[in-house]
Amino acid sequence: MIRKALCSVLCASALSANDGKVVTHSEFSYINTKGNTDTTSLAFEGNAKTSVGVHVFRAHVDAYRSSDSGQTSKDKWSSELNYDYRLCPRVSLNYLAGYKQDRFSGFDYQLYTGPGIGVKPLDESAHTLDLQANVLYGRDKPENLPEDDYFSSKLGAIYRWKVQENLKFIQEATYRINLEDTRYSFFYSKSAIETKINSSLSMGVSYKIDYVNTPPPPSKNTDRTFLASLIIDY
-1 MIRKALCSVL
9 CASALSANDG
19 KVVTHSEFSY
29 INTKGNTDTT
39 SLAFEGNAKT
49 SVGVHVFRAH
59 VDAYRSSDSG
69 QTSKDKWSSE
79 LNYDYRLCPR
89 VSLNYLAGYK
99 QDRFSGFDYQ
109 LYTGPGIGVK
119 PLDESAHTLD
129 LQANVLYGRD
139 KPENLPEDDY
149 FSSKLGAIYR
159 WKVQENLKFI
169 QEATYRINLE
179 DTRYSFFYSK
189 SAIETKINSS
199 LSMGVSYKID
209 YVNTPPPPSK
219 NTDRTFLASL
229 IIDY
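Counting in this note's numbering, the sequence shown runs from -1 upward without gaps.
See the structure below:
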């Protein structure tokens, strides 16, 4: 899963490298404990972005794998691709495609795609806020159950606060709901603090919440992850 995530960001960079400057942001986390417990955790999150005139291309991947005494305890991977057509500096038309695999979520896979709009209501030197709304066609494959096709809507927000020159706070949140059966909804949140070491390297801590309103049994509603990461911007 981690290898697949790395390849996705590298491919996104390669495809757009000839058209415009590519900006990437990568976060790496690794934990290994021996003794009374024998655990290994490896996480990767990456973003790639490039612009060509009014056209903006964005790629995002997020992967996490952990094992306890040789038994896999978490294995998840997700990816989103966004295309934005800028109508003006603060408003864009958007098209989104997303895919997610989570071995212990009760779903074999989830995918969704559809148009939307992006708005930047706050764009200051210290504070920025990006909002996005999409109407999506989705397909879920619950474990041991047939595929489910449906229409959904997704709302997303990213707030960034430059606390100091070398200190940044980021809050991300998304909410996706099945428009045909509102009992099924999905919420994701990431709160992060990053501190710069130099122009390319940073250290960061993040807390992620992945919530499913009605998960397939016996999966739980909420999955929480706390990470300390090495961050590379280039």
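A virtual CB, placed ideally from N, CA and C, is assigned to each residue, including glycine.
Next on the checklist: Give me, in chain order, the residues of the same chain whose beta-carbon lies closer than 8 Å to that of residue 123; leave out the 5 immediate sequence neighbours on both sides.
Outcome noted: 160
Next on the checklist: If contacts are defined as beta-carbon pairs under 8 Å, then residue 156 and residue 190 qualify, I think. What distance do you get, rounded to the angstrom?
Outcome noted: At roughly 11 Å, the Cβ-Cβ gap does not stay under 8 Å, so residue 156 and residue 190 are not in contact.
Item to check | Of the listed residues 38, 175, 93 and 111, nearest to residue 54 (C-alpha basis) | outcome: 93
Checklist entry - CB-CB under 6 Å to residue 64, same chain, minus the five flanking residues each way: which ones, in chain order? => result 39, 71 and 72
Checklist entry - If residue 187 sits next to residue 207, beta carbons under 8 Å apart, how far is it from one beta carbon to the other, in whole angstroms? => result 4 Å
Checklist entry - Nearest chain D C-beta to residue 190 closer than 8 Å, yes or no? => result Reference to chain D is not applicable here, since this structure consists of a single protein chain.
Checklist entry - Quick one: what's residue 139 bridged to in DSSP? => result 107
Next on the checklist: For residue 15 and residue 81, I'd like the C-alpha separation in whole angstroms.
Outcome noted: Residue placement at residue 15 is poorly supported in this model, since its pLDDT is 42, which falls under 50; the coordinates still yield a value, given next. Roughly 16 Å between the two C-alpha positions.
Item to check | Rounded separation between residue 120 and residue 37 - CA only | outcome: 42 Å
Checklist entry - Measuring CA to CA, which of 113, 219, 193 and 214 is closest to residue 152? => result 113
Checklist entry - In three-state DSSP terms, what is residue 11? => result Confidence at residue 11 is low in this model, with a pLDDT of 45, below 50, so the placement of that residue should be treated as unreliable; the coordinate-derived value is given next. Helix, per DSSP.
Item to check | Where residue 124 sits in the DSSP three-state scheme | outcome: coil
Checklist entry - What is the DSSP secondary structure of residue 174, reduced to helix, strand or coil? => result strand
Item to check | residue 9 classed as buried or exposed, judged by whether at least 16 other C-beta atoms fall within 10 angstroms | outcome: Bear in mind that the predicted position of residue 9 carries a pLDDT of just 47, short of 50, making it unreliable; the figure below should be weighed with that in mind. Residue 9 should be labelled exposed.
Next on the checklist: Rounded to the nearest angstrom, what separates residue 7 and residue 42 at their Cα positions?
Outcome noted: A caution first: residue 7 carries a pLDDT of 44, below 50, which makes its placement in the model too unreliable to give a value.
Item to check | Reference residue 130, options 102, 172 and 141, closest by Cα | outcome: 172
Item to check | Residues that DSSP places opposite residue 37 in a beta bridge | outcome: 31 and 66
Checklist entry - How many Å lie between residue 104 and residue 147 at the Cα? => result 16 Å
Item to check | Spatial neighbours of residue 109 in its chain, beta-carbon cut-off 7 Å, leaving aside the 5 residues before and after | outcome: 96, 97, 136 and 137
Checklist entry - Buried or exposed: which applies to residue 47, given that a residue is buried once 16 or more other Cβ atoms fall within 10 Å of its Cβ? => result buried
Next on the checklist: Checking 8 Å against the spacing of the C-beta atoms, do residue 175 and residue 24 come in under that value?
Outcome noted: no
Item to check | Residue environment, residue 125, which counts as buried when at least 16 other CB atoms sit within 10 Å | outcome: exposed
Checklist entry - Taking residue 28 as the reference, which of 132, 141 and 203 has the closest Cα? => result 203
Checklist entry - Alpha carbon to alpha carbon, what distance is there between residue 84 and residue 117? => result 10 Å
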